[in-house]
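Enquirer: The listed protein sequences correspond, in order, to chains A and B. For the first sequence, position 40 (counting from the first letter as 1) is numbered 186 according to our numbering, and the numbering increases by one without interruption. For the second sequence, position 127 (counting from the first letter as 1) is numbered 1345 according to our numbering, and the numbering increases by one without interruption. Every residue, glycine too, gets a C-beta built ideally from N, C-alpha and C. Okay, handing you the structure first.
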Amino acid sequence: MKSLFAAALLSPTVAFADGLTVDTPMVPLAPANAVAHAAFMSLTNPTEDAQQIVGVSAEGYMMAHIHMSDIKNDIATMSAVDMIEVAAGQTITLQHGGLHIMLMRPMEAKAEGDIVAITLEFADGSTQAIDAEVMRMTHGM
Amino acid sequence: MRRLIQILAFVLAGPAVAQVQGVELEEPVLMPAFAFSNELEENFTQDDLKDAWTLIMFGFLTCPDVCPFTLGNLEAAVAETGMRVRPDNVPQVVFISVDPERDAPWVSEYAKFFHPDFESFTGERAQINTLIEATDSFYRLMEPDADGYYEVQHTSSVSVIAPDGTLRAKLQPPFDPGLTAEFLARLQIAYRKEMTQ
Ligand SMILES: [Cu+2]
């Protein structure tokens, strides 16, 4: 737990909840009229039991889904994922080219620094709230 | 992809990690006539390929990950290229939406978000198919779900068109800015050599 504590001191975005430890949840700033945004973060399961994320929702969006991006044989694809299982002690990172939370049809445009309230829904019926910050992605750093 | 035989690999410094940022075509492919536009009534045709280097990316706007990531990296790659080549050889970047039904009303804004000089267009299905085929690219609109939402699969690589209107190379993910710029600069040197022969 020492490392988690250190991470919490370093980053104001780390959220502790009953379920998963969430690190650097963010929504890349998107073009003003984009009808889909993504949320990225890493999820660590500090408990002794596997946890299954079976749904997501986000305030200010019509819909949210768990999605997987992939590039194979030069073809970019995206598909819905029914469930993310985070094993005990495991960290799963939602990042470019892999898993993301797909935020569909924002009700209003987002600006840098805005907070998107995301809720993870687990197989046991519990939920976990996450605040993801809208940030401009930097490339080629 | 069969034509993409001659591979120019640029190896990252350090451990033996070979990262291919681009593939040069064995034979240049002349682009056919095509016409795209956007809601600002700006046009993009084969004439716009003349006298400039052009990077063409296919995608769709309901794409929250791959498309923005690619355009973001292209912005950095083009900035890097600008430090290696003459100003008039800095490539223009064009995003073509293969999803005009959803994207036509505001397609112009998309590429501009990543750089004010980037342009985006869409067009009639036949025009899209023409350019997709000419660049040996691919896309597919998937079946809509119950809400009418559909995914779009598309080529991830970026087509590099020379000032003579021929497809010369494909840039490939992850579009590392420095390595991509290096690839483009070398491609341009080879092109100029060929032109003066
Ligand atoms: Cu998605």
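#1: Can you tell me whether DSSP reads residue 1395 of chain B as helix, strand or coil?
#2: Within 10 angstroms of its Cβ, does residue 207 of chain A collect 16 or more other Cβ (buried), or is it exposed?
#3: I'd like to know whether the C-beta of residue 1256 of chain B is nearer than 8 Å to at least one C-beta of chain A.
#4: Could you tell me which whole beta strand (DSSP E) segments of length 3 or greater appear in the region 1292 to 1358 of chain B?
#5: Could you tell me which uninterrupted beta strand (DSSP E) segments, each at least 3 residues in length, are contained entirely in the region 1356 to 1386 of chain B, listed from first to last along the chain?
#6: In or out: residue 1385 of chain B buried (at least 16 other Cβ within 10 Å) or exposed?
#7: Excluding five sequence neighbours on each side, which residues of the same chain lie with their C-beta closer than 7 Å to the C-beta of residue 1252 of chain B?
#8: Pull up the distance between the alpha-carbon of residue 252 of chain A and that of residue 238 of chain A, whole angstroms please.
#9: Determine contact between the region 209 to 217 of chain A and the region 164 to 181 of chain A, defined as no fewer than three beta-carbon pairs at a distance below 8 Å.
#10: Can you check which of these residues, A:246, A:166, A:176 and A:167, is closest to residue 282 of chain A by C-alpha distance?
#11: Any heavy atom of ligand 1 inside 7 Å of the beta-carbon of residue 1282 of chain B?
#12: Taking contact to mean 3 or more Cβ pairs, one atom from each stretch, closer than 8 Å, check whether the region 221 to 241 of chain A and the region 192 to 209 of chain A are in contact.
#13: Using the beta-carbon count (16 or more within 10 Å), is residue 1378 of chain B buried or exposed?
#14: Closer than 8 Å by beta-carbon distance: list the chain B residues that pair up with residue 210 of chain A, in chain order.
#15: Are any of the Cβ atoms in chain A nearer than 8 Å to that of residue 1331 of chain B?
#16: Could you give the distance in angstroms between the alpha-carbon of residue 1388 of chain B and the alpha-carbon of residue 1375 of chain B?
#17: Suppose contacts are defined by Cβ-Cβ distances below 8 Å. Is residue 1383 of chain B in contact with residue 1248 of chain B by that definition?
#18: What are the boundary residues of the beta strand (DSSP E) that includes residue 218 of chain A?
#19: Leaving out five residues on either side along the sequence, give the residues of the same chain with a beta carbon under 6 Å from the beta carbon of residue 1358 of chain B.
#20: Compare the Cα-Cα distances from residue 218 of chain A to each of B:1334, B:1373 and B:1336 and report the closest residue.
#21: Does at least one heavy atom of ligand 1 sit under 7 Å from the Cβ of residue 224 of chain A?
#22: Please identify the residue among B:1414, B:1399 and B:1257 whose C-alpha is closest to the C-alpha of residue 1307 of chain B.
#23: Can you tell me which of B:1332, B:1353 and B:1395 puts its alpha carbon nearest to the alpha carbon of residue 1242 of chain B?
#24: Given that residue 220 of chain A touches chain B, what residues does it touch there, using C-beta distances under 9 Å?
Expert: So, from the data block:
#1: Correct three-state label for residue 1395 of chain B: helix.
#2: Residue 207 of chain A is buried by the Cβ-count criterion.
#3: Chain A contact via Cβ: absent.
#4: DSSP runs (the beta strand (DSSP E)) wholly in the region 1292 to 1358 of chain B: 1310 to 1315 and 1337 to 1339.
#5: Those beta strand (DSSP E) runs which fall completely within the region 1356 to 1386 of chain B and span 3+ residues are 1357 to 1359, 1370 to 1373 and 1376 to 1379.
#6: Under this definition residue 1385 of chain B is a buried residue.
#7: Excluding positions up to five away in sequence, the list reads 1263, 1264, 1345, 1348 and 1349.
#8: Each residue's Cα considered, the two are about 26 Å apart.
#9: No, the region 209 to 217 of chain A is not in contact with the region 164 to 181 of chain A.
#10: Looking at the Cα atoms, A:176 is the closest of the given residues.
#11: Yes; taking the cut-off as 7 Å, the Cβ of residue 1282 of chain B has a heavy atom of ligand 1 nearer than that.
#12: Because the criterion of three Cβ pairs below 8 Å is met, the region 221 to 241 of chain A and the region 192 to 209 of chain A touch.
#13: Classification for residue 1378 of chain B: buried.
#14: Per Cβ cutoff of 8 Å: no residues; residue 210 of chain A is ~11 Å from chain B at best.
#15: Answer yes: the Cβ-Cβ gap between residue 1331 of chain B and chain A drops below 8 Å somewhere.
#16: Taking the straight line from one Cα to the other gives about 6 Å.
#17: Yes, these two residues count as a Cβ contact at 8 Å.
#18: Here the beta strand (DSSP E) through residue 218 of chain A covers 207 to 218.
#19: Counting only Cβ-Cβ distances below 6 Å, and skipping sequence neighbours, we find 1371.
#20: Sorting B:1334, B:1373 and B:1336 by C-alpha distance to the C-alpha of residue 218 of chain A places B:1373 at the top.
#21: Judged by the Cβ position, residue 224 of chain A qualifies as a neighbour of ligand 1 at the 7 Å threshold, a heavy atom of the ligand being closer than this.
#22: Looking at the Cα atoms, B:1399 is the closest of the given residues.
#23: The shortest CA-to-CA distance from residue 1242 of chain B to any of B:1332, B:1353 and B:1395 is the one to B:1353.
#24: For a Cβ distance threshold of 9 Å, residue set 1219, 1355, 1356, 1373, 1374, 1375, 1388, 1390 and 1391 of chain B lies close to residue 220 of chain A, ordered along the chain.
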